[in-house]
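Let me begin by presenting the structure, written as structure tokens, before commenting on it.
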Amino acid sequence: MKNNSRLRYFIYLSLIIIGGCTTGKNALQKGDYDASVEKSVSRLQNSPKNSEAMQVLKTAYDLALKDHLRKIEEAKASNDLFRWESVMYDYQKINQLADDINSCPACLTVVPGPAKYINELADSKYNAAGARYNSGLGYLRENNRQSAKKAYYEFEKTQNLQPNYKDVKAKMEDAYWAAVTRVVVQPIIVNSNMYKLSSDYFQQQIDQFIGNYSRNKFVIFYGETQATDQKIVPDQVLSLNFDDFVVGQTYVKERVEKLKRDSVVIGETRDKKTIYGTVKATLSIFEKNISSSGLLDMSITDWKTKKLVRQQKFPGTYIWRDSWASYKGDDRALSKQQLAITRRKETLPPPPSALFLEFTKPIYTQLVDDISYYYNNY
């Protein structure tokens with residue numbers, strides 16, 4: 002009986018707590034008037050005659066309305082350049098409260114005709130757009146790239162607030178092109194017909210990367226031919242050149258092992274008894290490494306000042322490996338693995354053009370990572 006009493010007590014206490022949460026009473030006590038209105042409205046939509054939710058809604062709505070109107074007056078009286086955005090926000094909250102109450106018939110009996118400030122909201126949006134527009138003009142007059150970026154974002158905010166505000170679209174376009182850095186990427190020159198196809202493929206990979214680059218809208222890459230055709234005057238020139246490369250350096254190493262295995266059946270006597278003995282062999286293992294490597298230099302130069310603004314070097318190495326073996330003596334002295342490698346023959350290495358392409362793969366990865374790192378937040 003005692004346990005049952007405790008259980009009923011905890012259930013009763015839980016219901017009181019849950020009821021307080023669902024009616025918005027707790028939010029009201031904490032001073033979160035908007036949340037209190039929202040919760041009480043939700044409660045009355047499901048339980049139209051809930052007296053506690055009615056009382057909470059009446060009190061919370063009055064306090065919420067007064068709080069937002071106070072904030073609006075304080076914002077209007079401030080010197081904050083963007084004060085109209087604060088005004089706009091509070092009018093939006095007031096109107097949202099009204100919409101919530103209007104969607105709940107039981108709520109309208111508690112708060113008939115909740116206030117809406119449609120014209121005031123429209124005026125505050127217009128004024129907020131004007132403030133952002135004027136801020137953008139100020140940045141644009143500073144006539145430098147970083148300020149042009151700031152101007153672009155201010156005009157973008159203007160357009161979001163008031164899509165057809167004055168000539169904001171044209172100003173946004175002006176700011177964008179004033180903020181853009183045009184980078185012309187010069188092609189890699191490899192003076193060797195043997196590696197022409199591979200170097201062309203490496204160049205195509207770079208061209209594809211710069212053609213698809215979109216991380217920073219204020220950086221545009223152009224190939225040299227494209228820049229010439231479009232008469233682009235670059236801000237920067239990105240040059241790529243191999244300081245050096247070596248293809249097909251061959252190293253062959255021979256390792257000789259003397260092998261011996263005891264207790265191997267080597268025959269039998271006349272009376273059919275097994276004869277055990279020791280077998281021997283000499284195993285020669287050959288390892289061939291063909292190394293190809295290169296060092297790519299990347300330099301970025303300011304077109305106007307001819308000043309070098311960035312330089313990096315990217316190494317790349319590829320080693321092609323082959324191994325085979327031969328033996329002399331008794332093959333029973335060899336393990337299964339050793340015997341297997343003796344059945345392999347020396348294989349032909351890839352052609353030089355393929356080796357060239359392989360050592361450029363790690364170079365390409367380093368290159369695009371560095372270009373991205375440098376320009377992503379440029």
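Mapped onto our numbering, the consecutive letters of the sequence shown carry residue numbers 2 to 379. Where a beta carbon is used, it is the ideal one built from N, C-alpha and C, also for glycine.
Pairing Asn-96 with Lys-72 gives a Cβ-Cβ distance that is not under 9 Å. At the C-beta level, Tyr-223 and Tyr-376 stay beyond 9 Å of one another. Within the DSSP bridge table, the entry for Arg-256 names Ile-286 as partners.
Going by DSSP, Asp-175 is part of the alpha helix (DSSP H) stretching over 169-180. Taking 9 Å as the cut-off, the Cβ atoms of Val-57 and Lys-40 count as close. Arg-142 sits in a helix when the DSSP states are folded into three classes. DSSP, reduced to helix, strand and coil, places Leu-309 within a strand of the structure shown.
Beta-bridge analysis with DSSP links Glu-269 to Thr-275.
Contact annotation: Ile-364 and Ile-320 have beta-carbon atoms that are not nearer than 9 Å.
With respect to Val-191, Ile-207 sits apart: the two C-beta atoms are not nearer than 9 Å.
Under the three-state reduction of DSSP output, Leu-241 falls in the strand class. Under the three-state reduction of DSSP, Tyr-223 is assigned to strand.
Under the three-state reduction of DSSP output, Ala-326 falls in the strand class.
Straight-line spacing of the CA atoms in Ile-301 and Gln-163 works out to 40 Å. Per DSSP, Asn-165 is not a residue of any alpha helix (DSSP H), being assigned neither H nor E.
No Cβ-Cβ contact shorter than 9 Å links Tyr-134 with Tyr-153.
Contact between Ser-293 and Glu-359 holds, since their C-beta atoms are separated by about 7 Å, short of 8 Å.
Assignment of Gln-187 by DSSP, reduced to helix, strand and coil, places it in the coil class. The alpha-carbon of Val-112 is positioned some 8 Å away from that of Ile-102. Between Leu-29 and Leu-66, the gap from beta carbon to beta carbon reaches 9 Å or more. Separation of Gly-317 and Leu-368 (C-alpha to C-alpha, rounded to the nearest whole angstrom) is 11 Å. In the DSSP annotation of this structure, the continuous segment of the alpha helix (DSSP H) that includes Asn-96 starts and ends at 84-103. Closest in C-alpha terms to Lys-261, from the list Ser-37, Ala-180 and Arg-333, comes Arg-333.
For Gln-46, the enclosing alpha helix (DSSP H) has its first and last residue at 34-47. Burial is judged here by how many other beta carbons sit within 10 angstroms of a residue's own beta carbon; Ile-267 has fewer than 16 and is exposed. Gly-249 and Ser-200 have their C-alpha atoms roughly 16 Å apart.
Taking each of Lys-150, Tyr-127, Val-253 and Ser-193 in turn and checking the Cα distance to Lys-172, the smallest one comes out for Lys-150. When beta bridges are read from the DSSP output, Tyr-319 appears opposite Ser-293. Looking at the DSSP output, Lys-314 bridges to Asp-298.
Between Ser-327 and Ser-354, the C-beta spacing is not below 9 Å. Rounded to the nearest angstrom, the gap between the Cα atoms of Ser-48 and Gln-93 is 27 Å. The C-beta separation of Pro-235 from Trp-304 comes to about 5 Å, placing the pair in contact by the 8 Å criterion.
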